[in-house]
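I have placed the structure first, in the form of structure tokens, so that the comments after it can refer back to it.
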Amino acid sequence: MMNKNTARLGEAPINKLLIGLSLPAMIGMLVTALYNIVDTIFVAQGIGTVAVAAVGIAFPVQLVLMAISNSVGIGGAAIASQRLGQKNLAGASRAYANVLMTVFVVSMLAIITAFIFVEPLLRVFGATPEITPYSIDFLRVLLLGSPFFMLTMASSAMLRAEGRASYQMRVMLTTVAINIVLTPLFIFGLDWGIQGAALGTVVAQIVGSVLIFRFFFTKSKKTSLVLDREAFRFDPKLVGRIGQIGSSSFIMQVSQSILFITVNHMLVRYGGTTELATFAVINKFMALVGMPIMGIVQGMQPIVGYNFGSKQFDRMSQAIKLAIRYGLTLSITLWLLIQLFPRFWVGMFTEDATLLNEGSTAMRILFAISFVYGIQMIVNGMYQSLAKARIALFLSLSRQTLYTIPLVLILPMFFGVQGVWFAFPIADLMAVLTAVVFAYRDRIMLFKPDEYAAPEEQEKAAQAK
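Throughout the sequence shown, residue numbering follows this note's numbering, covering 27 to 491 in sequence.
Written as structure tokens, this is what we have:
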């Protein structure tokens, strides 16, 4: 039987539904970002600079686990959304069960890796002899809790697929609150050092996974999914499809890390410490700017997937149009705030006069056409929710890997450090144009539901005869 919260994806007013699903996602991501800042402050004050560096060295491992769990969750959610729209509850349940099995196997491999290859792995990431012991202590504790961390992250996408973004937000807020309480207690009160910082995160993720599993595995009718023995039948083809759909998210996160390494290399070559610090400051701000638009994307995806599956193309089209409208409104607002007050935003992170001047100029350049970037994010998220894996993958690769990285390598040869900054708006423009080309090609399906539905009706009539 279809749960009422899932059924509303195909019945509730689109505007109310999109806002109701997007706002919790925005709040959850914002709180998580603020927690990461606060957590770093606890480590710095309680343990010291070496510990902060150790956490930073270990962070790429966390990013990889995050990328895997996110991509598997998004791929499974896209399939589940369409199957829920088709009233195929068994198929949707099987998609989520295979997500859980895949993530659990990967997390087990992560734990084994932690105890066999952790030291050489950290050396590859740049750990010094002084930092290595701290990084090992932190990473081993963190990876022991990786099954809970990864299962919670992957399941978050499934909560959105069922239209339960508000519950997902409550889970995120609960884990953040527990983390903020336990981390200083373990570091300052119990003097457990960097292992205490990792343990605080692990305990919070255990609580988060318990809350999510209580939602999916109790018989209180909160979910439309039936996670029985039949659902937990491993399906290699389904897992392959899940990985294919979610691969765009995985590659996007990995390519972002490669981009940052490339930018830092070029800044060292053509600039110096000030330029590196400038990019570090702007990089933190870039993450915050993208969160509101990503919240809209996450709110849009279950609506689009469900209504595409149920062949309610008019509702699907309304959701896409509203998401683009809201995304553009947010993009333009943020662009104006950045262009009018760049010195204020840079000043949130530093008081150094040179860094303030260079940072303000660089910020204006980097965000020169950010008022249209929301289109690229929304179109990419739309193709993910439609399970158009190849297009979503190409759009994910386009901005960072195909455009920004080559431009970062080429332009500084002609314009010096300024060439690094100019690479970003040029890549933004190219990425947006690429997304528009794909959206224009599929305009009948996306924006003209009556014309797209006509062949469907003709086919039904022919079958009836």
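Backbone N, C-alpha and C define an ideal beta-carbon position, used for all residues, glycine too.
In this text the structure is predicted, and so the values were computed from the model without any measurement.
With a CB to CB cut of under 6 Å and the five nearest residues on each side skipped, what residues in its chain are close to residue i?
| i | result |
| --- | --- |
| G321 | S48, A51, M52 |
| V405 | A461, A465 |
| V129 | S95, V98, M176, L177, A180 |
| F258 | A123 |
| I431 | L285, T288 |
| M312 | none |
| S350 | Checking the displayed sequence, the identity of residue 350 turns out to be Ile instead of Ser. So the qualifying residues of the chain are I404. |
| M342 | V330, N333, F334 |
| M292 | V434, P438, V446 |
| W361 | S396, F397 |
Less than 8 Å between the C-beta atoms of residue i and residue j, yes or no?
| i | j | result |
| --- | --- | --- |
| Q221 | V167 | yes |
| M184 | A104 | no |
| D94 | V144 | First, the amino acid is wrong: residue 94 is Ile here, not Asp. In this structure, V144 does not lie closer than 8 Å to I94 by Cβ. |
| Q426 | Q282 | yes |
| L199 | S235 | no |
| Q410 | Q279 | no |
| G571 | P438 | Outside the shown range of the chain (27 to 491) lies residue 571, about which nothing can therefore be said. |
| T288 | L435 | yes |
| Y332 | G111 | yes |
| N205 | G171 | no |
| V443 | G297 | yes |
| M408 | V315 | no |
| L423 | I238 | no |
| L498 | G325 | With the chain running from 27 to 491 in the structure shown, residue 498 is simply not present. |
| L363 | P318 | no |
What distance in whole Å lies between the Cβ atoms of residue j and residue i, which are believed to be in contact at a cut-off of 8 Å?
| i | j | result |
| --- | --- | --- |
| D261 | R120 | 7 Å |
| L44 | A379 | Not confirmed; about 44 Å, so no contact. |
| T304 | A394 | No, T304 and A394 are not in contact; Cβ-Cβ is about 16 Å, not under 8 Å. |
| I142 | L348 | Going by Cβ atoms, the distance from I142 to L348 rounds to 50 Å, so no, they are not a contact pair. |
| L419 | S273 | 6 Å |
I'd like the list of long-range same chain contacts for residue i, defined as Cβ closer than 7 Å, with 5 residues on each side in sequence excluded.
| i | result |
| --- | --- |
| I358 | F397 |
| R109 | G117, A118, A121, G335 |
| A224 | F164, V167, L168 |
| L433 | A449, I452, A453 |
| A106 | A118, A121, Y122, M184, A187 |
| A487 | Because the pLDDT at A487 is just 45, under 50, the model does not fix this residue reliably, and the value given afterwards should be weighed accordingly. The answer is none, since no qualifying residue turns up. |
| K42 | none |
| M456 | Y429 |
| A490 | Bear in mind that the predicted position of A490 carries a pLDDT of just 46, short of 50, making it unreliable; the figure below should be weighed with that in mind. Result list for A490: empty, nothing under 7 Å. |
| L216 | G222 |
| V229 | I204, L208 |
| A136 | L91, L169, S172 |
| L382 | R369, V372, G373, T376 |
| S182 | G99, Q194 |
With a CB to CB cut of under 8 Å and the five nearest residues on each side skipped, what residues in its chain are close to residue i?
| i | result |
| --- | --- |
| S24 | No information on residue 24 is available, as it lies outside the stretch 27 to 491 that the chain covers here. |
| L264 | I105, R120, A121, N124 |
| V233 | T200, T201, I204 |
| E384 | T300, E301, T304 |
| R390 | I364, Q365, P368 |
Does any residue of chain D bring its CB to less than 8 Å from the CB of residue i?
| i | result |
| --- | --- |
| I100 | The chain labelled as chain D is not found in the depicted structure, where only one protein chain is given. |
Original post:
What are the uninterrupted segments assigned as alpha helix (DSSP H) that are 4 or more residues long and contained completely in the segment 388-452, given in chain order?
Top reply: 399-411, 415-423, 431-436, 438-441
**OP:** Taking 8 Å as the threshold, find out whether the segment 158-174 comes into contact with the segment 206-216 through three or more Cβ pairs.
**Re:** no
Original post:
What runs of the beta strand (DSSP E), each 3 residues or longer, lie entirely inside the segment 143-221?
Top reply: none
Original post:
Which full runs of the alpha helix (DSSP H) of 4+ residues lie inside the segment 277-352, going along the chain?
Top reply: 299-335
**OP:** Could you tell me which uninterrupted alpha helix (DSSP H) segments, each at least 4 residues in length, are contained entirely in the segment 95-147, listed from first to last along the chain?
**Re:** 115-142
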